[in-house]
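What follows is a short report on a single structure.
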Amino acid sequence: MATSNENKKAIYSIFWIWLVITIVGVLISIKAPAWLMPTSASSTMHLVIETIVVFSVAAAPVAALVYAITLYALVKWRWRGDGVPPDGPNLRNNSTLTSVWIVSSTMLTIFLLIWGLAALAVDEGGGNGKNPMTVNVTGQQWAWSFTYPGTHVASNELYLPVNDKITFNVTSKDVVHGFWIVQMGVKVNANPGVSTSVSVTPNKIGTYDIRCTEICGLYHAYMVTRVHVLSDTAFAKWLSSQPSRA
Ligand SMILES: [Cu+2]
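This is the structure:
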């Protein structure tokens, strides 16, 4: 049996290892999305990145505790004798540890729930822009096509006006595809025979990526196109310059 002095030493060591790993984890959580995530072209995407940062920061001390105990156990509690090592202390009878664990995980879970519900409420289904506009999106092996209701325009690259609320009605001609505008944080399945809606307000002029997110056959990886977010006048000009498909 370990003496209480040895236990105290172990707890202090684990605490310091935990603290260092927590600080590293928090720094990575704050910095990594800026390096790894695409730029944000909508408030939805901004919220997605913010949520990733907050959830990673909240998870860092929990992960650090697992790593700290694992590292300490590997170095200090390694069994070097023959045969099966003796049992350690019975954690089930440790009421302090059990209460701390239950209370902290309950608080963390409630925090994540409240954050999630608040983020959904703030986002208003992805749209808080003016002049709502609808675009019909059709996926098929292996291309995207877009039509703009109220006009006779069809295109294979998507064109959108900036700061207007866009609702996409998404469907498929053959198998299940996934409509994903990478930099806008919008992703929804394209199902044959069904129209699924998703809304977003692009808030930055530029060209962004559209990908398919369901394995839909041989050329799934090449089912990509682009979205051009234009100023209102540039968008109106593009729309009127398109040949009618009717
Ligand atoms: Cu696809």
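Residue numbering for the sequence shown follows this note's numbering, starting at 1 and increasing by one per position. Glycine included, each C-beta is placed from N, C-alpha and C at the ideal position.
Check: Please state the DSSP three-state secondary structure of Val-100.; Outcome: helix
Check: Quick one, which of Ile-52, Tyr-12, Leu-19, Ile-181 has its alpha-carbon nearest Lys-31's?; Outcome: Ile-52
Check: Do Asn-136 and Thr-147 have their beta-carbon atoms positioned less than 8 Å apart in this structure?; Outcome: yes
Check: For Phe-249, write down the residues that DSSP places opposite it in a beta bridge.; Outcome: The first residue shown for the chain is 1 and the last is 246, placing residue 249 beyond what the model contains.
Check: According to the neighbour-count rule (16 or more other Cβ atoms, all chains shown, within 10 Å of its Cβ), is Lys-9 buried or exposed?; Outcome: exposed
Check: Is it buried or exposed, Asp-123, if we count other Cβ atoms within 10 angstroms and call 16 or more buried?; Outcome: buried
Check: I'd like to confirm something about Glu-214: is its beta-carbon nearer than 7 Å to some heavy atom of ligand 1, or not?; Outcome: yes
Check: For the alpha helix (DSSP H) that Lys-76 lies in, which residues bound it at each end?; Outcome: 43-76
Check: In three-state DSSP terms, what is Tyr-12?; Outcome: helix
Check: By DSSP's criteria, Ile-166 is part of a beta bridge. Which residues make up the other side?; Outcome: Met-133, Val-200
Check: At least one CB of chain C closer than 8 Å to the CB of Phe-111: is that the case?; Outcome: No chain C is part of this structure, which consists of one protein chain only.
Check: Taking a contact to mean a Cβ-Cβ separation below 8 Å, would you say Ser-43 touches Gln-183 in this structure?; Outcome: no
Check: Taking contact to mean at least 3 C-beta pairs separated by less than 8 Å, is the segment 187-205 in contact with the segment 109-118?; Outcome: no
Check: Check whether the segment 202-213 touches the segment 61-68, taking contact to mean three or more Cβ pairs, one atom from each stretch, closer than 8 Å.; Outcome: no
Check: Measure how close the beta-carbons of Val-162 and Val-229 come, nearest whole angstrom, since I'm counting them as under 8 Å.; Outcome: 5 Å
Check: When the Cα atoms are used, what is the spatial distance from Val-227 to Ile-205?; Outcome: 10 Å
Check: Tell me the residue span of the alpha helix (DSSP H) that contains Asp-232.; Outcome: 232-241
Check: In this structure, does DSSP put Phe-161 in helix, strand or coil?; Outcome: Before going further, note that residue 161 is Pro rather than Phe in the sequence given. Pro-161 falls in the strand class under three-state DSSP.
Check: By the 10 Å Cβ neighbour count, where 16 or more other Cβ atoms means buried, how is Thr-98 classified, buried or exposed?; Outcome: exposed
Check: Please determine whether the Cβ atom of His-152 lies at a distance below 7 Å from any heavy atom of ligand 1.; Outcome: no
Check: So who's on the other strand from Ser-244, going by DSSP bridges?; Outcome: According to DSSP, Ser-244 bridges with nothing at all.
Check: Between the Cα of Val-20 and those of Pro-38, Ala-60, His-46, Glu-6, spot the shortest distance and give me the residue it belongs to.; Outcome: Ala-60
Check: The beta strand (DSSP E) with Val-186 in it runs from where to where?; Outcome: 186-190
Check: Any idea what DSSP makes of Thr-213, helix, strand or coil?; Outcome: coil
Check: If you draw a straight line from the alpha carbon of His-177 to that of Asn-93, how long is it in whole angstroms?; Outcome: 52 Å
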